[in-house]
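In what follows, a structure is listed as structure tokens, so that the remarks can point back to it.
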Amino acid sequence: MEQSKDTRLLNAALIIYIVIVLVYGIMYLLVPQVLVEAQGGEPVASGWLRWSGGVLIALGIGSIMVYRNPLKQDAFVVTIIVGCLLAGLALLYALLFELTGKKWFTALPMIVLLILTFLLWFGRQQAKDILCQKEK
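Letter 34 of the sequence shown, counting from 1, is numbered 28 in this note's numbering, and no numbers are missing.
Below, the structure written as structure tokens:
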């Protein structure tokens, strides 16, 4: 059976994901209060936000590694798909039931994350032969 080498959709989705998580990660790590103020929230202890910046940066670096060499990286791709889905659903819940501050600040990332979930999922399906390659 010939293997599909179509990773274009996955690569495009990974690039979008990488940019988003690195930008948010750097912001949360270095200047978390800027994001709090942009949302219209009250200042909070920055330590509660900075750790998530580090996690986002790590996910961005891991995604760069997958982008460069997707061979046998299905588990990581599934992890970021689940992460995007859960984050998008959490923002949807916040938008519907807990919203304080500016709606756009919650709605925009929610939409982007849910669209990205589908792009990553379909990109994964197209590149499954590479992501799940078996030993010969």
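Every residue, glycine too, gets a C-beta built ideally from N, C-alpha and C.
Counted as a single uninterrupted DSSP element, the alpha helix (DSSP H) harbouring Q33 occupies residues 26 to 33. The way I'd put it, the stretch 105 to 112 doesn't touch the stretch 41 to 59; fewer than three beta-carbon pairs between them come closer than 8 Å. In this structure, S46 keeps its C-beta atom at 8 Å or more from the C-beta atom of I74.
Residue environment for I12: buried (at least 16 other C-beta atoms within 10 angstroms of its C-beta).
Judged by their CB atoms, A121 and P64 are nearer to each other than the 8 Å cut-off.
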